[in-house]
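Novice: Heads up: the sequence shown begins at 22 in the numbering used here, then just goes up one per residue. Just so it is clear, CB atoms sit at the ideal spot from N, CA and C, and this is done for glycine as well. I'd like to ask you about the structure that follows.
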Amino acid sequence: MAADLEKLIRKLSSTHSLSFEEYASLISDRTPEAAEMLSAEAVRIRRQIYGNDVYVRGLIEISSYCKNDCLYCGIRRSNTDAERYRLTVDEILECCNEGYGLGFRTFVLQGGEDRYYTDELLCNLIRKIKAAYPDCAVTLSLGERGYDSFRRLYDAGADRYLLRHETADSEHYGKLHPPEMSWENRMQCLHDLRDIGYQVGCGFMVGSPYQTAHTLAKDLRFIEEFKPEMCGIGPFIPHHETPFRSESSGTTELTCYLLSVLRLINPPMLIPATTALGTIDPLGREKGIQAGANVVMPNLSPVRVRKKYELYDNKICTGEESAQCRSCLSQRMQSIGYRVTVSRGDAKNFRKGEQ
Ligand code: SAH
């Protein structure tokens with residue numbers, strides 16, 4: 022391996038920090054040997070903190086209505102072909118009930134930006150979930166809302182919020198989103214969530230159109246500085262009813278490489294091996310864990326709505342029952358020497374409200 026690359030990896034592994042230029046060359050000069058060295062370091066460091074444990078989150082896709090028009094996303098409002106649905110409070114509670122029985126101790130409520138879910142409705146829902154399952158964490162992934170809304174949901178009991186920043190380069194952001202959406206607002210939301218007290222997750226797609234080693238280096242610098250508790254990355258996958266229908270998908274190779282880099286940037290960070298990674302590669306989630314990820318998120322949504330929450334083409338796990346998804350993932354993790362654990366699974370250095 023080139024001596025420079027090896028030096029960069031050693032530096033990242035010991036200091037958890039690189040300059041913008043160093044991240045850019047770590048990406049553009051990468052080799053299979055560098056990937057191997059990075060993943061070995063990432064797994065070694067993760068093992069010191071989390072052993073062989075993989076945390077599991079039950080993902081409930083509550084709505085496919087969305088007021089936004091992100092160019093990459095299959096549920097963008099311009100996709101008149103998309104079948105829309107929304108789950109009621111009772112339906113969501115039923116998913117949690119089933120999930121609790123299957124051993125989930127974190128529920129992730131994700132959806133498009135759907136005005137049906139007012140603060141009042143969501144606060145009522147969160148309070149009900151926390152009353153019924155006080156040992157569980159509630160994670161929200163409902164897009165951009167105002168400070169006051171984030172605050173109310175937090176006060177009602179929400180613990181964590183996932184809001185991928187999508188790209189840390191504002192110009193790149195402009196190429197992935199319509200003019201009415203603002204990179205500054207998305208970043209402001211992340212800072213608001215942090216100030217309020219949420220455990221915060223950011224992230225980006227790998228191989229999104231117009232992404233370069235430079236935009237990725239900005240993502241990595243941002244993540245190093247922002248220090249989120251969670252970071253979700255997965256390959257971009259085109260959806261046939263979007264302007265990006267003819268773009269190519271991100272790769273397993275680059276996604277896994279970046280998963281290893283993220284682990285070294287912030288060792289205790291909660292990093293999922295995503296469904297998108299499992300979609301472009303039948304062993305994608307296993308490879309993600311072996312590159313340094315430590316979370317999996319099986320689907321807990323009712324089977325009848327799963328195909329309708331179609332952010333990208335060929336999404337996996339849309340036909341299975343929740344119990345099947347849960348046990349399939351446990352087996353997959355076992356097959357590579359890991360163990361799915363039943364716990365809230367907070368980041369090890371961040372224990373708000375645990376015990
Ligand atoms: N509306 C919420 C939830 C978005 S869905 C929000 O704004 O945060 C969760 C993530 O899926 C998005 O943040 C995006 O990074 C990812 N995603 C959307 N379309 C995708 C595609 N075509 N390929 C891969 N990932 C996609």
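1. If you follow the alpha helix (DSSP H) that Ile-301 is in, where does it begin and where does it stop?
2. What's the C-alpha gap between Tyr-168 and Thr-139?
3. Since Gly-79 contacts Phe-41 with CB under 8 Å, what's their CB separation in whole angstroms?
4. Please tell me whether, using a cut-off of 6 Å, the distance from the CB of Cys-346 to the nearest non-hydrogen atom of the ligand SAH is below it.
5. Quick one: using the 10 Å Cβ neighbour count with 16 as the cut-off for buried, is Pro-199 buried or exposed?
6. Could you check the C-alpha separation between Gly-164 and Gly-132 for me, to the nearest Å?
7. Look up Ile-30 in the DSSP assignment and say whether it is helix, strand or coil.
8. Per DSSP, Ala-158 is paired with what?
9. Run through the stretch 288-375 for me and flag every whole alpha helix (DSSP H) of 4 or more residues, listed as ranges in chain order.
10. Flag this pair as yes or no: are the beta carbons of Tyr-121 and Arg-107 separated by less than 7 Å?
11. Which value, in whole angstroms, describes the spacing of the CA atoms of Thr-36 and Val-361?
12. Measuring only the C-alpha atoms, how far is Glu-115 from Ile-48?
13. Take Tyr-278 and list the residues in its own chain whose beta-carbon comes closer than 7 Å to its own, dropping the five residues that flank it on each side.
14. In the DSSP output, what is Met-251 paired with across the bridge?
15. Could you work out which residue in Asp-176, Pro-53, Glu-245, Ser-322 is closest to Asn-118 when comparing CA atoms only?
16. Return the chain-ordered list of same chain residues with a C-beta closer than 8 Å to the C-beta of Ser-267, the five sequence neighbours on each side being excluded.
17. If you measure from the CB of Cys-252, is any heavy atom of the ligand SAH nearer than 6 Å?
18. Once the 5 residues before and after Ser-191 are set aside, which same chain residues still bring their CB inside 6 Å of it?
19. I'd like the span of the beta strand (DSSP E) that includes Gly-79, first residue to last.
20. Three or more C-beta pairs closer than 8 Å, one from the stretch 336-349 and one from the stretch 308-316: is that the case here?
21. On the criterion of 16 or more Cβ atoms from any shown chain inside 10 Å, does Leu-183 qualify as buried, or is it exposed?
22. Using a Cβ-Cβ cut-off of 7 Å (strictly less than) and excluding sequence neighbours within five positions of Gly-95, which residues of its own chain qualify?
23. What's the C-alpha gap between Gly-228 and Phe-257?
24. Considering only residues of the same chain and omitting the five flanking positions on each side of Ile-217, which have a CB-CB separation below 6 Å?
25. Could you compute how far the alpha carbon of Asn-287 sits from the alpha carbon of Glu-245?
26. His-186 to Ile-83, Cα distance in whole Å?
27. Leaving aside the five residues before and after Asn-73 along the sequence, list all residues of the same chain whose C-beta is less than 7 Å from its C-beta, in chain order.
28. Going straight from the alpha carbon of Ala-179 to that of Ala-24, what length do you get?
29. Let's see if you can read the secondary structure: which residues bound the beta strand (DSSP E) around Arg-148?
30. Could you spell out the range, first to last residue, of the beta strand (DSSP E) harbouring Leu-183?
31. Whole angstroms are fine: how far does the CA of Asn-145 sit from the CA of Glu-62?
32. Mind checking Thr-273: buried by the 16 CB within 10 Å criterion, or exposed?
33. Using the beta-carbon count (16 or more within 10 Å), is Gln-69 buried or exposed?
34. Between the C-alpha atoms of Ile-113 and Leu-130, what's the straight-line distance to the nearest angstrom?
35. So, Arg-306 versus Ala-297, is the Cβ gap smaller than 7 Å?
Specialist: Answer, in terms of the structure:
1. 296-301
2. 14 Å
3. At roughly 37 Å, the Cβ-Cβ gap does not stay under 8 Å, so Gly-79 and Phe-41 are not in contact.
4. no
5. exposed
6. 8 Å
7. helix
8. Thr-127
9. 296-301, 305-312, 324-327, 343-356
10. no
11. 30 Å
12. 44 Å
13. Arg-51, Ala-56, Leu-59
14. Gly-222, Leu-291
15. Ser-322
16. Pro-259
17. no
18. Trp-204
19. 79-84
20. no
21. buried
22. Ala-103, His-260, Glu-262, Thr-263, Glu-331, Leu-332, Tyr-333
23. 6 Å
24. Phe-171, Arg-172, Tyr-175
25. 7 Å
26. 21 Å
27. Gly-358, Tyr-359, Arg-360
28. 47 Å
29. No beta strand (DSSP E) contains Arg-148, which is instead part of the alpha helix (DSSP H) from 140-153.
30. 181-183
31. 44 Å
32. buried
33. exposed
34. 9 Å
35. no
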